[in-house]
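I have placed the structure first, in the form of structure tokens, so that the comments after it can refer back to it.
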Amino acid sequence: MDNQQGTATVAQQAPAAQEAPVPREAPVAQEPPVAQEAPVTLADQAPKLLQHVAGYIAHRTVATGLRTGLVRRLADMDGASTDELAAALGLDPFYVSVWARSAFAAGILERSATGYRLAPHIGTLLLDADSPAFAGGLFTVFEQDEMFGRFERELATGTRLWWDETSDGWTAGVAQTGRPFYTRLVPAGLQNVPGLSERLAAGGHVLDTACGSGYGLLRLAGAYPAATVSGVDGDAHSVSAARGLLAEAGIEGVQVTVSPLEELRVDHPVDVVVNNISMHECRDIDLVAERVREALVPGGWFVISDFPFPDTDAGLRTVPGRIMSGIQFFEAQIDDQLLPRATYDDLLERHGFTEIGSTSLTPVHALTWGRRA
1 MDNQQGTATV AQQAPAAQEA PVPREAPVAQ EPPVAQEAPV TLADQAPKLL
51 QHVAGYIAHR TVATGLRTGL VRRLADMDGA STDELAAALG LDPFYVSVWA
101 RSAFAAGILE RSATGYRLAP HIGTLLLDAD SPAFAGGLFT VFEQDEMFGR
151 FERELATGTR LWWDETSDGW TAGVAQTGRP FYTRLVPAGL QNVPGLSERL
201 AAGGHVLDTA CGSGYGLLRL AGAYPAATVS GVDGDAHSVS AARGLLAEAG
251 IEGVQVTVSP LEELRVDHPV DVVVNNISMH ECRDIDLVAE RVREALVPGG
301 WFVISDFPFP DTDAGLRTVP GRIMSGIQFF EAQIDDQLLP RATYDDLLER
351 HGFTEIGSTS LTPVHALTWG RRA
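Mapping of the sequence shown onto the UniProt record's numbering: position 181 corresponds to residue 181, and the numbering continues sequentially without gaps.
Dropping the structure here:
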């Protein structure tokens, strides 16, 4: 009996077995062909460079308008002809017409029935120093010698400087540029920190480190009238300016002292320590973090308000990234650099802070906080 015959007999005697279905191969998704990137051409690159030239012209146009009063006069007059502008400010009519045309090209001005007027919201952005959106200070501070001029002169030597070597114009410009950071921080920004505002409203003690010319002290004293407010800065000129600002505003009881933050000492522990756009300048950031921890009561808050420098190539090529890259020219001269926001998470964790949190207020302004255990 051959094998085939035996198999057939068995098959006849037993019920036919169900054949297992043969699995079908899943269809394989076809990858779309990878497009070959066309090589970058001269025609591609030229507009990019020319765009930078156009931006420079717009910057100089705005700065000229701020320094000469043209922007302010247009805001006050709600539109005017170039002849009216020139007569009001004692300027040459032809030159004013050239400026106005450039400002119109940059989107700073619009046409009006009588000539020109400021485009919507430009008055707030360029003139209202109390607005959290104020950006007028950037246009003049970036033209100060300390930003690019000195950097270029010392490019070969790498000679550093410190704040006490900068000009009065630079110090005033930085104070104006930093003002909207304090406006955003106090009180709205601090309200992002759980429990902090309630503590200060009940009469806590807040210390503003690197308080500069004192605008933050004014904001803190106004927002938290029951709290004790004090400030410290390593630059004697800035401390003198802060004391003068407080006296002019009629605010008493705010103590402002001169001290590097690495040597920070307090007579009595405080409830909150704030540092606004200065933490990146610390000579020894770990030592400062430790000094701050020692200055706080248990459960006290340390709030770092600073530029969130991009930590990716894509971030560097955004408008905020490019602006912060420009700020680095000055920061390099005082031997530091702006830092990515996450750097402060690591810093606070290293020094035992708990309940670490953060938030973004604008693309160029972020908060990081933690509490002393």
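For every residue, glycine included, the Cβ atom is placed at its ideal position computed from N, Cα and C. Since the model is a prediction, treat every value here as computed from it, not as a measurement.
L347 sits away from F309, with the two beta carbons spaced by 8 Å or more.
Here the alpha carbons of A80 and S112 stand approximately 8 Å from one another.
Selection I304, T68, G216 and V62 evaluated against L246 yields G216 as nearest (Cα-Cα).
The C-beta of F139 has 16 or more other C-beta atoms within 10 Å across all chains shown, which makes the residue buried.
With fewer than 16 neighbouring CB atoms inside 10 Å of its own CB, V53 falls in the exposed class. The stretch 214 to 299 contains, as complete alpha helix (DSSP H) runs of 4+ residues, the segments 215 to 223, 236 to 248 and 285 to 295 (chain order). The bridge partners DSSP lists for I304 are N275 and T368.
Check the Cα spacing between A188 and each of Q333, T354 and T359: the tightest is with T359.
G173 sits buried, since 16 or more C-beta atoms from the chains shown fall within 10 Å of its C-beta. Contact between the stretch 269 to 279 and the stretch 180 to 198 is present, with at least three C-beta pairs closer than 8 Å. Contact between the stretch 310 to 321 and the stretch 237 to 251 is absent: fewer than three C-beta pairs spanning the two stretches fall below 8 Å.
Short of 6 Å from the beta carbon of V96, and not among the five residues preceding or following it, lie these beta carbons of its own chain, in chain order: T82, L85 and A86. According to the DSSP secondary-structure assignment, D208 is paired through a beta bridge with G231 and V274. By the beta-carbon neighbour count (other beta carbons within 10 angstroms, threshold 16), G178 is buried.
Under the three-state reduction of DSSP, I356 is assigned to strand.
Scanning V297, P132 and V62 for the CA closest to the CA of A119 turns up V62.
Here R153 carries a helix assignment [DSSP, helix/strand/coil]. Scanning its chain for C-beta atoms nearer than 6 Å, with the 5 sequence neighbours on each side dropped, one finds no residue around I285.
Restricting attention to V206, G352 and G326, the CA atom closest to the CA of F148 is found in G326.
Taking C-alpha positions only, L161 is separated from S259 by approximately 18 Å. Inter-residue distance for W170 and H268 is about 34 Å (C-alpha atoms, whole angstroms). If you draw a straight line from the Cα of A373 to the Cα of S197, it comes to about 19 Å. Taking a cut-off of 8 Å for Cβ pairs, the stretch 38 to 55 and the stretch 64 to 78 do not touch, as fewer than three such pairs fall below it. Scanning L261, V186 and V239 for the CA closest to the CA of Q255 turns up V239. Under the three-state reduction of DSSP, T362 is assigned to strand. DSSP, read as helix, strand or coil, puts L338 in coil. Boundaries of the beta strand (DSSP E) around L109: L109 to R111.
DSSP links R117 through a beta bridge to E110. Annotation for L66: L126, G136, F139 and T140 place their beta carbon closer than 7 Å to its own, counting only its chain and skipping 5 residues before and after. DSSP places G321 inside the alpha helix (DSSP H), whose first and last residues are V319 to Q333.
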